[in-house]
Amino acid sequence: MTTVNLFTLMRDHFNLAEIQSLTFNLGVDYEEFPPLGKSQIIISLIKYCHQNGKIPNLLAHLKEERSFLPWPNPHEAHQLDFLLGNDIPKLRPYEPETVVVTAGEFIMGDNEKENASPQHKVFLDLFWIGKYPITNRQYFEFVRKANYDVPNKRDWFLGQPIKDKLNHPVVGVNWYDANEYCKWLSRETSKQYRLPSEAQWEKAARGPNGHNYPWGDEWQDGLCHQGHNAITSVTTYDDTTSYYDCKDLIGNIQQWTSTIWGNDRKIPTFSYPYQNDERETIEADDNRFRLRRVVRGSVFNDNIYSSRLTTRHNANPNQATLMRGFRVILQA
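Following the numbering used here, the numbering of the sequence shown begins with 1 at its first residue and continues without gaps.
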């Protein structure tokens with residue numbers, strides 16, 4: 001049995017137009033699949049074929065188009081977990097939607113940026129990452145159920161988020177607030193949620209080939225919330241594609257990561273190449289060592305160069321600003 005799953009082969013070797021043609025050949029209405037991006041459409045197609053006994057038909061069409069690839073044996077491809085690499089986790093109503101980032105190497109870093117060089121390859125295991133940053137609506141569940149402090153944010157009134165701001169990313173939270181949310185969500189769901197490492201954030205944003213922006217290597221106006229004067233909903237730019245269908249990565253808010261930067265705000269203590277070492281110590285005592293944590297992403301009024309996905313910021317974990325929030329990782 002091949003160790004390469006069907007999802008990975010289709011995602012890496014077929015474009016969206018070819019996937020659409022596949023659905024037509026299989027007699028499937030492409031319009032039935034929600035417009036969530038290529039990866040999620042592939043997942044939906046595989047799950048549909050699995051539920052309707054069409055996996056052998058799907059594999060026959062795929063092999064005809066790409067006969068040189070190691071396609072699974074149709075007599076062995078009877079488990080959804082095997083076809084997808086891992087089953088997609090079922091989420092509770094208050095859990096953030098996640099997208100899968102499959103195991104493998106990706107290109108990290110930027111030789112043009114001093115604190116993000118050298119560019120190098122990093123291998124990461126499979127994980128799921130929040131499709132969007134955590135919203136006011138989701139954070140309110142934490143505040144309400146855990147009796148936690150309300151964030152320092154103008155979009156909240158009398159302990160609750162303003163109704164027309166429910167789908168805005170929560171900001172005004174420091175690193176400890178974000179970490180406590182992950183601990184609470186883990187307890188509530190019996191799953192393992194945490195903040196992303198900067199490597200996980202960057203792979204989800206750039207894809208394996210190291211794009212400069214979520215959609216590719218060249219800047220394009222109108223594909224993210226850049227050049228504005230206020231925060232917007234996390235779904236405003238849903239039509240913008242990215243390799244893993246992760247959204248709102250740049251141009252709205254900065255996002256906390258789990259990674260330690262160091263003591264000096266200008267020079268990182270932990271330099272590249274990235275390693276999963278002491279820089280990922282969650283319980284590090286920042287008051288004693290004055291440690292700063294890595295912040296990724298850009299905000300609505302940043303310039304184009306600062307919006308590159310390799311840009312690294314850092315902040316004191318006790319600092320909460322109205323331009324910084326977070327998204328979560330769901331460990332496999």
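Ideal Cβ placement from N, Cα and C applies to all residues, glycine included.
Discussion item. Is the separation between the beta-carbon of Thr-257 and that of Leu-195 shorter than 9 Å?
Written reply: Against the sequence shown, residue 257 aligns to sequence position 257. Against the sequence shown, residue 195 aligns to sequence position 195. For Thr-257 and Leu-195, yes; Cβs fall inside 9 Å.
Worksheet item: Could you give the uninterrupted runs of the beta strand (DSSP E) lying entirely in the stretch 298-325, keeping only those of 3 residues or more?
Response: Here the runs fully enclosed are 313-315.
Worksheet item: So the alpha helix (DSSP H) Ser-21 belongs to, where does it begin and stop?
Response: Translated into positions along the sequence shown, residue 21 becomes position 21. Counting along the chain, the alpha helix (DSSP H) containing Ser-21 begins and ends at 16-25.
Fill in: For Thr-189, the three-state DSSP class (helix, strand or coil)
Counting from one through the sequence shown, the residue named residue 189 turns up at place 189. Correct three-state label for Thr-189: helix.
Worksheet item: Looking at C-alpha atoms only, which residue of Val-99, Phe-33, Glu-32, Asn-5 is the closest neighbour of Asn-73?
Response: Residue mapping note: residue 73 aligns to position 73 of the sequence shown, counting from 1. Scanning Val-99, Phe-33, Glu-32, Asn-5 for the CA closest to the CA of Asn-73 turns up Asn-5.
Discussion item. In the DSSP output, what is Trp-175 paired with across the bridge?
Written reply: What you label residue 175 is simply residue 175 of the sequence shown in a count that begins at 1. In the DSSP output, where bridge partners are listed per residue, Trp-175 has none listed.
Item to complete: Mind reading off the beta-carbon distance from Tyr-132 to Glu-97? Whole number of angstroms is fine, and I expect it under 8 Å.
Response: Here residue 132 corresponds to residue number 132 of the sequence shown, with the count starting at 1. Here residue 97 corresponds to residue number 97 of the sequence shown, with the count starting at 1. Between Glu-97 and Tyr-132 the Cβ distance is about 7 Å, and since that is below 8 Å, they are a contact.
Worksheet item: Which residues mark the beginning and the end of the alpha helix (DSSP H) in which Trp-201 is found?
Response: Residue mapping note: residue 201 aligns to position 201 of the sequence shown, counting from 1. Where Trp-201 is concerned, the enclosing alpha helix (DSSP H) stretches over 198-206.
Worksheet item: Excluding sequence positions up to five away, which residues of its chain have a Cβ less than 7 Å from the Cβ of Ile-41?
Response: By 1-based counting over the sequence shown, the position of residue 41 is 41. So the qualifying residues of the chain are Ile-19, Phe-33.
Worksheet entry | Residues near His-13 by beta carbon distance below 8 Å, same chain, minus five either side | Along the sequence shown, one-based indexing puts residue 13 at 13. Hits under 8 Å: Arg-66, Leu-69.
Worksheet item: In this structure, does DSSP put Ser-258 in helix, strand or coil?
Response: Within the sequence shown, residue 258 is the residue found at index 258, counting from 1. Three-state DSSP puts Ser-258 in a strand.
Worksheet item: Expressed to the nearest angstrom, what Euclidean distance is found between the alpha-carbon atoms of Tyr-148 and Lys-191?
Response: In the sequence shown, the residue the question calls residue 148 occupies position 148. In the sequence shown, the residue the question calls residue 191 occupies position 191. When only Cα atoms are considered, Tyr-148 and Lys-191 end up about 20 Å apart.
Practice prompt. Ignore the nearest five residues each way along the sequence and tell me which others in Pro-118's own chain have a CB closer than 8 Å to its CB.
Written response: Here residue 118 is taken as the residue at index 118 of the sequence shown, counted from 1. Excluding sequence neighbours, Pro-118 sits near Gly-109, Asn-111, Tyr-272, Pro-273.
Practice prompt. Would you mind working out which of Met-10, Leu-330, Pro-161, Glu-31 sits nearest Lys-63, comparing C-alpha positions?
Written response: Residue mapping note: residue 63 aligns to position 63 of the sequence shown, counting from 1. Answer by Cα proximity: Met-10.
Worksheet item: To the nearest angstrom, how far is it from the Cα of Arg-312 to the Cα of Asp-245?
Response: Start at 1 with the first residue of the sequence shown, and residue 312 comes out as number 312. Start at 1 with the first residue of the sequence shown, and residue 245 comes out as number 245. Approximately 22 Å, taken between the alpha carbons.
Discussion item. Using C-beta distances below 6 Å, list every residue in its chain close to Arg-206, excluding the 5 sequence neighbours before and after it, in chain order.
Written reply: The sequence position of residue 206 within the sequence shown is 206, counting from 1. So the list reads Leu-309, once near-sequence residues are dropped.
Worksheet item: Are the stretch 318-325 and the stretch 169-177 touching by the rule of at least three beta carbon pairs closer than 8 Å?
Response: yes
Worksheet item: Just checking, does the stretch 156-169 make contact with the stretch 201-218 on the three C-beta pairs under 8 Å criterion?
Response: Contact between the stretch 156-169 and the stretch 201-218 is absent, because fewer than three Cβ pairs lie under 8 Å.
Worksheet item: If you pair each beta-carbon of the stretch 220-236 with each one of the stretch 257-269, do three or more pairs fall below 8 Å?
Response: no
Worksheet item: Hey, would you say Pro-268 sits closer than 9 Å to Asn-314, going by beta carbons?
Response: Position 268 of the sequence shown, counted from the first residue, corresponds to residue 268. Position 314 of the sequence shown, counted from the first residue, corresponds to residue 314. Going by C-beta atoms, Pro-268 is nearer than 9 Å to Asn-314.
Fill in: Residues that Val-295 bridges to, as DSSP identifies them
Mapped onto the sequence shown, residue 295 falls at position 295. Trp-256, His-313.
Item to complete: Would you kindly work out how many angstroms separate the C-alpha atoms of Asn-136 and Cys-224, rounded to a whole number?
Response: By one-based count along the sequence shown, residue 136 stands at place 136. By one-based count along the sequence shown, residue 224 stands at place 224. Distance between the alpha carbons of Asn-136 and Cys-224: 20 Å.
Worksheet item: Can you tell me the Cα-Cα spacing of Thr-2 and Trp-71, whole angstroms?
Response: Taking the sequence shown and counting its residues from 1, one reaches residue 2 at position 2. Taking the sequence shown and counting its residues from 1, one reaches residue 71 at position 71. Bear in mind that a pLDDT of 35 at Thr-2, under 50, signals an unreliable position, so the number given afterwards is only what the model happens to contain. Their backbone Cα atoms lie some 8 Å apart in a straight line.
Worksheet item: Does the distance from the C-beta atom of Asp-92 to that of Thr-189 stay below 9 Å?
Response: Here residue 92 is taken as the residue at index 92 of the sequence shown, counted from 1. Here residue 189 is taken as the residue at index 189 of the sequence shown, counted from 1. This sequence places Arg at residue 92; Asp is not what is there. Closer than 9 Å, so yes.
Fill in: Residues near Val-122 in its chain [Cβ-Cβ closer than 7 Å; skip 5 each side]
As a working note, residue 122 is residue 122 in the sequence shown. Answer for Val-122: Glu-105, Phe-106, Met-108, Ala-199, Tyr-274, listed in chain order.
Practice prompt. Apply the 10 Å Cβ neighbour rule to Pro-56 and answer buried if 16 or more other Cβ atoms are within range, or exposed otherwise.
Written response: The sequence position of residue 56 within the sequence shown is 56, counting from 1. Exposed is the call here.
Discussion item. Would Leu-185 and Phe-140 be called neighbours here (beta carbons separated by less than 9 Å)?
Written reply: Within the sequence shown, numbered from 1, the residue matching residue 185 stands at position 185. Within the sequence shown, numbered from 1, the residue matching residue 140 stands at position 140. With respect to the 9 Å criterion, Leu-185 and Phe-140 are not classified as neighbours on the basis of their beta carbons.
Worksheet entry | Buried or exposed (CB count within 10 angstroms, at least 16 for buried), Ala-17 | Here residue 17 refers to the residue found at position 17 of the sequence shown. The residue is exposed, with fewer than 16 neighbouring Cβ atoms inside 10 Å.
Discussion item. Spatial neighbours of Phe-270 within its chain, please: C-beta separation below 8 Å, excluding the five flanking residues on both sides.
Written reply: By one-based count along the sequence shown, residue 270 stands at place 270. Cβ neighbours of Phe-270 beyond the five flanking positions: Thr-259, Ile-260, Trp-261, Gly-262, Asp-277, Glu-278, Arg-279.
Discussion item. Applying the 10 Å Cβ sphere with the 16-neighbour rule, what's the burial state of Phe-7?
Written reply: Reading the sequence shown from its first residue, position 7 is the one you call residue 7. Buried.
Discussion item. Could you compute how far the alpha carbon of Leu-45 sits from the alpha carbon of Asp-125?
Written reply: Within the sequence shown, residue 45 is the residue found at index 45, counting from 1. Within the sequence shown, residue 125 is the residue found at index 125, counting from 1. Looking at the two C-alpha atoms, the distance is approximately 24 Å.
Worksheet item: So, helix, strand or coil for Met-1, using DSSP?
Response: Along the sequence shown, one-based indexing puts residue 1 at 1. At Met-1, the pLDDT of 31 sits below 50, so the modelled position is not reliable and the matter cannot be decided from this model.
Worksheet item: Where Lys-145 and Cys-182 are concerned, what is the direct C-alpha to C-alpha distance, given to the nearest angstrom?
Response: Position 145 of the sequence shown holds residue 145. Position 182 of the sequence shown holds residue 182. The straight-line gap from Cα to Cα measures roughly 14 Å.
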